[in-house]
Structures are given as C-alpha cells and as structure tokens.
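Chemist: In order, the protein sequences belong to chains A and B. Under this note's numbering, think of the first position of the first sequence as 53, with each following residue one higher. Under this note's numbering, think of the first position of the second sequence as 25, with each following residue one higher.
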Amino acid sequence: GENVEQHPSTLSVQEGDSAVIKCTYSDSASNYFPWYKQELGKGPQLIIDIRSNVGEKKDQRIAVTLNKTAKHFSLHITETQPEDSAVYFCAASKGGSQGNLIFGKGTKLSVKP
Amino acid sequence: DAMVIQNPRYQVTQFGKPVTLSCSQTLNHNVMYWYQQKSSQAPKLLFHYYDKDFNNEADTPDNFQSRRPNTSFCFLDIRSPGLGDAAMYLCATSRSGTAGTEAFFGQGTRLTVV
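In structure tokens:
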C-alpha cells in the first residue's frame, strides 16, 4: 500500500521568511496530492493540491511542486505570517474505491513575529 | 456554510459505555470516511463508505462500527470505549473518481473516556 513520508516534523521560521515542507510517496499509481492545514482543535482544511499531470501550482503565497520521477512533492510558503502557524499534512491518493487519502505524519510550523 | 457537520464537538463517555458520533454532509458526496486522530499524529483511516459499500481498514478494531442510513448521514459507533480510544474523530467526504479528489473534513468530535 501507499506510504507517505513527511519532513520536517517541526519547523520554526521568522515572520517574513519562507517555509518548505517535503513529502515522498511510494505508490507510483498515486495521482492526487493535497496539502491540509490543521489548526488546534479543528478539522484539516485543504490549502492547495496538485495532480500528477502538473509539475507546479501556485496560489498567492503558497506553492506546491511535484516530481513524479522521484516521487516527491513539496509545499512552499513565502512571506510567512503568524497566522500560518499550524500543523500541515501532505497526503497522496489514487482514486477509485480503494484510493483513499494516505497522510504524512505532519509538520508543526511555528512563525515567530 | 458548514458542509460536513459533526456532532457533538465534544463527547465524554464512561469506560465501556457505548457511544455514537454523528456526521452529516450537504455536498451529496458518495464517499464518507471516518478517521481517528490522536494527539500530535496524522489522521488514521478507520473505514469508509463508497456509496453503500462499507470498507473496513484491516487494522481497525472490531470495537468500532459504522452505519450509513442514507447519502447524507454517517455514524461511528464505539461499542465499548477504552481509555485508548480517547481521540479526535474526523468525518470526511469526497466525490469518487478514477483520480483522487479533495476530501472535505468536518470539525471533528473530541472524545474523552473517563
């Protein structure tokens, strides 16, 4: 089955700096890679996603890159703000009845003012 | 507007006393999931419904059961909660396809076992 590795487990940056979180996956059939942000006591919220036919996607300060050959994808947050502080999860999925989201272990991002 | 609604947000139950958590959705998605999330860990899939078909994860304890009476509602039943079952329980929905699709999560139910 699919296995998703996520690094680092914790990340502390200064406000205004960039943050990068990396994930690798094992199942070459995976074709959908979302990133979720989870604030304390709340459910995960999708912030950006990418499909296997695309190499990069950007939405304002957030971008995701995908390298299918190497089976890894990364989240980039530029100009970080204190409200970006949260736990971020990457995930991988291949669709179909058994293609459920498999999550990485999460990265706790702290943005210091 | 809330699209995946979980009730209650907080649930306290006694050791061994059956408890039911509920989830409803307004998205008309055909897939509904239940995840267990313990402190500082990733969500762990317990089971999911693909339309009416129930799919149990291999390592989900028999203590956990689920019901989906219609498209909009799904329930998680814990028959005899133990202290180790204290966790956040997350319901999610998605629309199935040949490729992966976005899963929408509810706000979760925090279960405490006393």
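Note that the Cβ used here is the ideal one computed from N, Cα and C, for glycine as well. Nothing here was measured: the structure is a model prediction, and the numbers come from that model.
Please classify E135(A): does DSSP put it in a helix, a strand, or coil?
Modeler: helix
Chemist: Could you list which residues in chain A have their beta carbon closer than 7 angstroms to that of F88(B), in chain order?
Modeler: Here the premise fails: no neighbours, minimum Cβ distance about 16 angstroms.
Chemist: Which value, in whole angstroms, describes the spacing of the CA atoms of P32(B) and L45(B)?
Modeler: 7 angstroms
Chemist: Classify Y34(B): buried if its beta carbon has 16 or more other beta carbons within 10 angstroms, exposed otherwise.
Modeler: Taking a 10 Å sphere around the C-beta of Y34(B), we find fewer than 16 other C-beta atoms and assign the residue as exposed.
Chemist: Where I6(A) and K164(A) are concerned, what is the direct C-alpha to C-alpha distance, given to the nearest angstrom?
Modeler: The question about residue 6(A) has no answer here: the residues shown for chain A are numbered 53 through 165.
Chemist: Over the uninterrupted beta strand (DSSP E) stretch that includes F88(B), give me the two end residues.
Modeler: 88-91
Chemist: Please tell me whether K157(A) has its Cβ less than 9 angstroms away from any Cβ of chain B.
Modeler: yes
Chemist: Answer yes or no: does any C-beta atom of chain B fall closer than 9 angstroms to that of R113(A)?
Modeler: no
Chemist: If distances are taken between C-alpha atoms only, which option among H128(A), G107(A), K74(A), L161(A) comes closest to D136(A)?
Modeler: For D136(A), the closest of H128(A), G107(A), K74(A), L161(A) by C-alpha to C-alpha distance is L161(A).
Chemist: Evaluate K41(B) with the Cβ neighbour count: other Cβ atoms within 10 Å of its Cβ, from every protein chain shown; 16 or more gives buried, anything less gives exposed.
Modeler: exposed
Chemist: Helix, strand or coil: which one does DSSP assign to D77(B)?
Modeler: strand
Chemist: Report all residues from its chain with a CB closer than 7 angstroms to the CB of A71(A); omit the five preceding and five following residues, and keep chain order.
Modeler: L63, V65, I129, T132, L161
Chemist: What's the call for S104(B), buried or exposed, on a 16-neighbour Cβ count within 10 Å?
Modeler: It is exposed - the Cβ of S104(B) has fewer than 16 other Cβ atoms within 10 Å.
Chemist: Can you tell which of F71(B), F88(B), V137(B) has the C-alpha that lies nearest to the C-alpha of I102(B)?
Modeler: F88(B)
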